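Under the working numbering, residue 1688 is the last one in the sequence shown; the count climbs by one each step, no gaps.
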Amino acid sequence: MSNAAAFASEAQALLGPRGFTCDPELLEPWLTDWRGRFTGKALGLASPASTEQVSQFVKLCAKHNVPVVPQGGNSGMVGGATPDKAGNSVLLSLRRMNQVRQFDVSGKQIIVDAGLVLQTLHEIVEAEHLRFPLTLGGKGSATIGGLISTNAGGTQVLRHGTMRAQVVGIEAVLADGQIFDALTALKKDNRGFDLKQLLIGSEGTLGIVTGATLKLAPAMADRVVAWVGLKSIHAARELLVKLETHLFDELEGFEVMPAHCLSSVLQHLPDARNPLEGDHAWHALLELAVSGNSAQSVRDQLEALLAEELEAQSIADAVIAANEKQAEDFWLLRDSVAPAEKEIGPAVQHDISVPVAKMPDFIETAGPALEARFPGTKSVSFGHLGDGNVHFHVLAPPGAVPGEWEDGEGKLISAMVYDLTSEWGGSISAEHGIGQMKIGELARLNDPVSLQLMRSVKLALDPQGILNPGKLVAV
Ligand SMILES: Cc1cc2nc3c(=O)[nH]c(=O)nc-3n(C[C@H](O)[C@H](O)[C@H](O)COP(=O)(O)OP(=O)(O)OC[C@H]3O[C@@H](n4cnc5c(N)ncnc54)[C@H](O)[C@@H]3O)c2cc1C
């Protein structure tokens, strides 16, 4: 019996027919990332039902030297959950581990299996008038394990932080199968390194996250959502600074998009309408969260602030959503930018950050520089201005051949975007992670000391190199 056949037969004996399969038809949907940019091969798919089974399975993988590729909802953007083409690795899914283990409503904490889907978590906690204050477009498939492993962000980071700020306890299976149990949440704990933070954002390269204790917030009593037309990205930043000064405690989200994105969205959603009359170079969508019964006062404060800004001609136009339906319609426009841009044709996407105050200058400098160097391309930046993080997309010239263009000129464009981002003191990955997509660029551009530290940590925790090899950190 070959090594692979011996491994498969032991895996089947350990996990049972529901827990392990090598059936090519069942494996097929797991082998390509959702954007269709990466495809690999795997010798099997494991779906253990408990942390103990994950531990036993990883021990088996270590014994046979079989690489393990964890996959959650496969909504990641950088090919982190897709195996390589060698076909000697095994996919590990926690889809059968999707339960709530403990729910402390008064203490506002919940312990969940890592296979739980984000949207389901939202629904469970909302039923108890609480909320998990992190959301993103892929919430219907993204799992807690995937969100932790990518340190996901989303549209509420401005107020609540990334996944790092939501996780207060973690359980993970390490490369040798040991279970690291740090689920108990302690407000103060100074027993050395914060090992849970090491696992957060490690993209499955240091351990398999099997469970987490998450912090919850009180449900929003109400929200005030507004759409603002602006003449420049600088004007958007100035509005953000004003909001942070006067409505700091309420400001929950601040997203921007240029006119180009809004018109793509309006073409993509035939029933949607522009919230404002007239044309504006930039648009901002802002959300204020209201607690208790202060909705009218928050709305009045925002109305007064926007009226002042209009008077001073710092903003061009603004509308506050009259009701929840209109608020949802505004957010739908924002959430539809990525699919609408995708419909236009090939593009290369970069989720970058620079220091928040520098972002308007960066957009105004980097966009034209790229368009000049690569004639016919169009740069569009949209997203989380409040976090100094935009999705910096460069659209292909008309007539570019999909696939071919991304692999040719697209790669040169990405290298230039990352060079510029690094020159401006920024990050080549603000929230999507490194995966296999950016592993070369990280090695090229990151500080050598940071890279060496990451390699040392990887070698210490996974000396055999079986956890998600070829992703994030090159050893
Ligand atoms: C429409 C849309 C909008 C999005 N918007 C945002 C956004 O605003 N902000 C943002 O940050 N992301 C966004 N994303 C990206 C994506 O949703 C996040 O990266 C998410 O965290 C991935 O979760 P997942 O369960 O799908 O993980 P996967 O894609 O399956 O995996 C992601 C990585 O985590 C590893 N992994 C998965 N599960 C585990 C586990 N249990 N233990 C260890 N490693 C594991 C994988 O190996 C891989 O490296 C968006 C995606 C979509 C489709």
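Here a beta-carbon is modelled for each residue, glycine too, at the ideal position from N, C-alpha and C.
Source: prediction; values computed, not measured.
| Query | Result |
| --- | --- |
| Kindly indicate which residue of 1595, 1599, 1572 and 1610 has the alpha-carbon position closest to the one of residue 1638. | 1572 |
| Between which two residues does the beta strand (DSSP E) containing residue 1533 stretch? | 1530-1533 |
| Comparing the CB of residue 1708 with every heavy atom of ligand 1, is any distance shorter than 8 Å? | An answer regarding residue 1708 cannot be provided, because it is not within the stretch 1214 to 1688 covered by the chain. |
| With DSSP collapsed to three states, give me the class of residue 1600. | helix |
| Is DSSP giving residue 1475 helix, strand or coil here? | helix |
| Could you round the C-beta distance between residue 1278 and residue 1679 to whole angstroms and report it? I think they count as a contact, below 8 Å. | 7 Å |
| Am I right that residue 1419 and residue 1598 are in contact with their C-beta atoms under 8 Å? What's the rounded C-beta distance? | Incorrect: roughly 32 Å between the Cβ atoms, too far for contact. |
| Express the C-alpha separation of residue 1683 and residue 1297 in angstroms, rounding to a whole number. | 8 Å |
| Let me confirm a value: residue 1538 is counted as buried when at least 16 other C-beta atoms fall within 10 Å, else exposed. Which label applies? | exposed |
| The beta strand (DSSP E) that contains residue 1279, what's its start and end? | Note, residue 1279: premise wrong, no beta strand (DSSP E); not H, not E. |
| Below 8 Å, is the gap between the Cβ of residue 1283 and the nearest heavy atom of ligand 1? | yes |
| Under DSSP, the alpha helix (DSSP H) around residue 1192 begins and ends at which residues? | With the chain represented from 1214 up to 1688, any question about residue 1192 goes unanswered, as that position is not in the structure. |
| Is it a yes or a no for the region 1610-1623 touching the region 1236-1246, going by three-plus beta-carbon pairs under 8 Å? | no |
| May I ask which residues mark the beginning and end of the beta strand (DSSP E) holding residue 1644? | Element bounds for residue 1644: n/a, residue is neither H nor E. |
| Candidates 1353, 1494 and 1285: which alpha carbon is nearest residue 1530's? | 1494 |
| If you drop the 5 nearest sequence neighbours on each side, which residues of the same chain put their C-beta closer than 6 Å to that of residue 1438? | 1500, 1534, 1540 and 1543 |
| Count Cβ pairs between the region 1229-1239 and the region 1247-1263 that sit closer than 8 Å; are there 3 or more? | yes |
| Which residue wins for smallest C-alpha separation from residue 1640, given the options 1582, 1659, 1350 and 1648? | 1659 |
| Drop a sphere of 10 angstroms on the beta-carbon of residue 1579, count the other beta-carbons inside from all chains shown, and report buried for 16 or more, exposed for fewer. | buried |
| Quick check for students: name the residue ranges of the alpha helix (DSSP H) that lie wholly in the region 1529-1563, counting only runs of 4 or more. | 1537-1548 and 1550-1557 |
| Does the contact criterion of 3 or more C-beta pairs under 8 Å hold for the region 1264-1275 versus the region 1617-1631? | no |
| CA-CA distance, residue 1527 and residue 1443? | 8 Å |
| Nearer than 8 Å: is that true of the beta carbon of residue 1311 relative to any heavy atom of ligand 1? | no |
| With DSSP as the reference, please indicate the residues paired to residue 1382 in a beta bridge. | 1426 |
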